[in-house]
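Q: The number in our numbering is simply the position in the sequence shown, starting from 1, with 1291 added. The beta-carbon is built from N, C-alpha and C at its ideal position, and this holds for glycine as well.
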Amino acid sequence: MTFLSVQALSKRYGKVSALDDVSIEVPAGSRTAIVGPSGSGKTTLLRLIAGFEVPDSGRLALDGDLLAEGRAGVPAHRRSIGIVAQDGALFPHLTVADNIGFGLERKAPDRDQRILALMDMVELARTMRERRPHQLSGGQQQRVALARALARQPKLMLLDEPFSALDAGLREGIRASVAELLQAEGVTAMLVTHDQAEALSFADQVAILRDGKLLQVGPPRELYMSPRDPGTAAFLGDAIILSANVSGGWADCALGRIAAPTACDGVAKVMLRPEQVTLSPVSSDGLEHRLANGSRYGRIVRIDFGGASSSIAVSLLDERGDHEGPLLIKTTHVDLPPVGSHVQIKVLGQAHVFK
Ligand SMILES: Nc1ncnc2c1ncn2[C@@H]1O[C@H](COP(=O)(O)OP(=O)(O)OP(=O)(O)O)[C@@H](O)[C@H]1O
Ligand SMILES: [Mg+2]
1292 MTFLSVQALS KRYGKVSALD DVSIEVPAGS RTAIVGPSGS GKTTLLRLIA GFEVPDSGRL
1352 ALDGDLLAEG RAGVPAHRRS IGIVAQDGAL FPHLTVADNI GFGLERKAPD RDQRILALMD
1412 MVELARTMRE RRPHQLSGGQ QQRVALARAL ARQPKLMLLD EPFSALDAGL REGIRASVAE
1472 LLQAEGVTAM LVTHDQAEAL SFADQVAILR DGKLLQVGPP RELYMSPRDP GTAAFLGDAI
1532 ILSANVSGGW ADCALGRIAA PTACDGVAKV MLRPEQVTLS PVSSDGLEHR LANGSRYGRI
1592 VRIDFGGASS SIAVSLLDER GDHEGPLLIK TTHVDLPPVG SHVQIKVLGQ AHVFK
């Protein structure tokens, strides 16, 4: 069931079209991630939904109630929407505890307990409760902002890069506990992020914005494996894009014959994600003979060691010798063959065909 309905929403700032005819349906209790380059309209979209900005045209409805129609709308404080702004936007003169408790009833008997529980949830040490925002690091300020937004138990939570100032370990932990809490309380959420892995793992649906327009929206797996065009593919991770001849469920390309969906025959660009390609070391003896058999081989020309995942540049070999331009492949192998050695290349799964 649709909880938040965004219909044909547009907003201009002078000559800049910050948001252009964007429509998204957000189901109740779901999590939506918004990704896109800087300046693509992500913050504008959240601010329009929260009621901090007035749309030029379009319609917004939450849980069946109309929030905005064109320039007329319900004021921000009556929307039951929590927002964690990109810059945190804490009250500088209030302590951590008073920032978090801002929306809570002053005289509520469990007020202090609630504040402490929220601090625990975002992993802020309780000893920080009397500090003021300027005495906190950027990541700590973000967590106070998150706790403040959660305190009011909104129906819809808007998160504008709330984890951007946290280091990788803390970020993953807090993201998981926020996702769990939102789920437990049945809060619907929209998250803006620049982190592709975060978008894919946090969300039930991902929306990609560019130049104020919605390029594609769908479940994370679908967007990752079947992006609309090569530009969209690159937003969600590394992609290997190759020219191919597609026919009867097969794509013939520089990596050989790869399974492909049927009914998209013709010359086309195809995409593989790097984790679909495996490399296994081989001896260079008799490679010409094996190449003639249709197996694909390459020579490692560069290795960028990256810890958990390394990037390997492989120059393809075919019957005529080196293929033009190396292929970049991500691998989680720790035992990397040395530069200059030969590898056999295998492809797992299907290629995605751009229509
Ligand atoms: N108050 C404003 N006045 C004028 N232009 C604005 C205003 N707010 C946003 N813009 C412009 O609208 C466009 C979209 O901005 P927005 O803040 O929504 O981008 P964003 O996707 O959140 O980017 P980032 O990833 O950098 O946060 C940009 O070109 C921006 O300069
Ligand atoms: Mg922004």
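Buried or exposed, going by whether 16 or more other CB atoms sit within 10 Å of the CB of L1310?
A: Numbered from its first residue, the sequence shown carries residue 1310 at position 19. Buried is the call here.
Q: Within a Cβ cutoff of 8 angstroms, which residues of the same chain sit near V1630, ignoring the five residues on either side of it in sequence?
A: The count along the sequence shown starts at 1 and reaches residue 1630 at position 339. I1591, V1592, R1593 and I1594.
Q: For F1493, name the three-state secondary structure that DSSP assigns.
A: As a working note, residue 1493 is residue 202 in the sequence shown. The answer is helix: DSSP assigns F1493 an H, G or I state.
Q: Return the bridge partner residues of L1449 from the DSSP annotation.
A: As a first step, residue 1449 is located in the sequence shown; it is residue number 158 there, counting from the start. Beta-bridge pairing links L1449 to I1374 and M1481.
Q: Does the contact criterion of 3 or more C-beta pairs under 8 angstroms hold for the stretch 1457-1472 versus the stretch 1433-1445?
A: yes
Q: Confirm the yes/no value for this check: CB of K1333, any heavy atom of ligand 1, distance under 6 angstroms.
A: Residue 1333 sits at position 42 when you count from the first residue of the sequence shown. Yes.
Q: Just to confirm, are T1386 and E1414 a CB contact at a threshold of 7 angstroms?
A: Residue numbering aside, residue 1386 sits at position 95 when the sequence shown is read from its first letter. Residue numbering aside, residue 1414 sits at position 123 when the sequence shown is read from its first letter. The Cβ atoms of T1386 and E1414 do not sit closer than 7 angstroms to each other.
Q: Between the alpha carbons of R1649 and F1526, how many angstroms are there, rounded?
A: Nothing about residue 1649 can be reported from this structure: the residues present for the chain run from 1292 to 1646 only.
Q: Any heavy atom of ligand 1 closer than 6 angstroms to the CB of A1376?
A: If you number the sequence shown from 1, residue 1376 lands on position 85. No, since every heavy atom of ligand 1 falls outside the 6 angstroms radius drawn around the Cβ of A1376.
Q: Please report how far the alpha carbon of R1417 lies from the alpha carbon of A1438, in whole angstroms.
A: By 1-based counting over the sequence shown, the position of residue 1417 is 126. By 1-based counting over the sequence shown, the position of residue 1438 is 147. Looking at the two C-alpha atoms, the distance is approximately 13 angstroms.
Q: Could you tell me whether any non-hydrogen atom of ligand 1 is closer than 6 angstroms to the CB of G1522?
A: Along the sequence shown, read from residue 1 onward, the residue named residue 1522 stands at position 231. Incorrect: G1522 has no Cβ contact closer than 6 angstroms to ligand 1.
Q: Can you find a heavy atom of ligand 1 that lies under 6 angstroms from the Cβ of V1508?
A: If you number the sequence shown from 1, residue 1508 lands on position 217. The answer is no for V1508.
Q: With a cut-off of 8 angstroms, do at least 3 Cβ pairs link the stretch 1499-1513 to the stretch 1330-1340?
A: Yes: the two stretches touch, three or more of their Cβ pairs being nearer than 8 angstroms.
Q: In whole angstroms, what is the alpha-carbon distance linking R1405 and L1472?
A: Reading the sequence shown from its first residue, position 114 is the one you call residue 1405. Reading the sequence shown from its first residue, position 181 is the one you call residue 1472. Each residue's alpha carbon lies about 14 angstroms from the other.
Q: Using a Cβ distance threshold of 8 angstroms, determine whether the stretch 1347-1360 contacts the stretch 1525-1539, with at least three qualifying pairs required.
A: Too few Cβ pairs lie closer than 8 angstroms, so no.
Q: Starting from E1360, trace the beta strand (DSSP E) in both directions and tell me its first and last residue.
A: One-based indexing of the sequence shown puts residue 1360 at position 69. Its beta strand (DSSP E) spans residues D1356 to E1360.
Q: F1596: which of G1589, V1573, I1620 and L1563 sits nearest, CA to CA?
A: Numbered from its first residue, the sequence shown carries residue 1596 at position 305. Considering only alpha carbons, the answer is I1620.
Q: Give me the DSSP bridge partner(s) of G1364.
A: Locating residue 1364 in the sequence shown gives position 73, counting from the first residue. G1364 is bridged to A1359.
Q: Should G1647 be counted as a contact of ligand 1 given a C-beta to heavy atom distance under 6 angstroms?
A: Only positions 1292 to 1646 of the chain appear in the structure, and residue 1647 is not among them; the question remains open.
Q: Mapping DSSP to helix, strand and coil, what is V1307?
A: Here residue 1307 refers to the residue found at position 16 of the sequence shown. Strand at V1307.
Q: In chain order, what residues of the same chain have a beta carbon less than 8 angstroms from the beta carbon of Q1641, not counting five sequence neighbours either side?
A: Numbered from 1 along the sequence shown, position 350 holds the residue referred to as residue 1641. Closer than 8 angstroms at Cβ, skipping near neighbours: I1549, A1550, A1551 and P1552.
Q: What first and last residue would you give for the alpha helix (DSSP H) that runs through Q1724?
A: No answer is possible for residue 1724: it lies beyond the span of the chain, which begins at 1292 and ends at 1646.
Q: Taking the alpha-carbon positions, what's the R1462 to G1598 distance?
A: To locate residue 1462, count along the sequence shown from 1; it is residue 171. To locate residue 1598, count along the sequence shown from 1; it is residue 307. Computed Cα separation, rounded: 19 angstroms.
Q: Less than 7 angstroms between the beta carbons of G1477 and G1320, yes or no?
A: One-based indexing of the sequence shown puts residue 1477 at position 186. One-based indexing of the sequence shown puts residue 1320 at position 29. The answer is yes: Cβ separation under 7 angstroms.
Q: I'd like to know whether the C-beta atoms of V1644 and V1537 end up nearer to each other than 7 angstroms.
A: Taking the first residue of the sequence shown as position 1, residue 1644 is located at position 353. Taking the first residue of the sequence shown as position 1, residue 1537 is located at position 246. Yes. Within cutoff.
Q: State buried or exposed for Q1496, treating a residue as buried only when at least 16 other CB atoms are found within 10 Å of its CB.
A: In the sequence shown, counting from the first residue as 1, residue 1496 sits at position 205. Classification of Q1496: buried, given that the 10 Å Cβ count is 16 or more.
Q: Short check: CB of T1323 to CB of A1494, under 7 angstroms?
A: Reading the sequence shown from its first residue, position 32 is the one you call residue 1323. Reading the sequence shown from its first residue, position 203 is the one you call residue 1494. Contact: yes.
Q: Can you give me the start and stop residues for the beta strand (DSSP E) that Q1507 sits inside?
A: On the sequence shown, residue 1507 is found 216 positions in, with the first residue counted as 1. Secondary structure note for Q1507: its beta strand (DSSP E) is the uninterrupted segment K1504 to G1509.
Q: I'd like the span of the beta strand (DSSP E) that includes P1572, first residue to last.
A: Residue numbering aside, residue 1572 sits at position 281 when the sequence shown is read from its first letter. Unbroken beta strand (DSSP E) run through P1572: V1568 to V1573.
Q: Near Y1515, what residues of its chain come up, given a Cβ to Cβ distance below 8 angstroms and the 5 sequence neighbours on each side ignored?
A: Position 224 of the sequence shown, counting from 1, holds the residue named residue 1515. So the list reads L1491, L1527, G1528 and R1564, once near-sequence residues are dropped.
Q: Could you tell me the boundaries of the beta strand (DSSP E) in which A1599 lies?
A: As a first step, residue 1599 is located in the sequence shown; it is residue number 308 there, counting from the start. No beta strand (DSSP E) contains A1599, which DSSP labels as neither H nor E.
Q: Closer than 6 angstroms by C-beta to L1639: which residues in its own chain qualify, once you throw out the five before and the five after it? Chain order, please.
A: Mapped onto the sequence shown, residue 1639 falls at position 348. So the qualifying residues of the chain are Q1567.
Q: Would you kindly check if the distance between the Cβ of P1346 and the Cβ of L1337 is under 7 angstroms?
A: In the sequence shown, the residue the question calls residue 1337 occupies position 46. In the sequence shown, the residue the question calls residue 1346 occupies position 55. In this structure, P1346 does not lie closer than 7 angstroms to L1337 by Cβ.
Q: Please state whether the Cβ-Cβ distance between R1443 and G1394 is less than 7 angstroms.
A: Sequence index remark: in the sequence shown, residue 1443 carries index 152 (1-based). Sequence index remark: in the sequence shown, residue 1394 carries index 103 (1-based). Contact flag set, yes.
Q: Taking only heavy atoms of ligand 1 into account, decide whether any of them is closer than 6 angstroms to the Cβ of V1387.
A: Along the sequence shown, read from residue 1 onward, the residue named residue 1387 stands at position 96. No, since every heavy atom of ligand 1 falls outside the 6 angstroms radius drawn around the Cβ of V1387.
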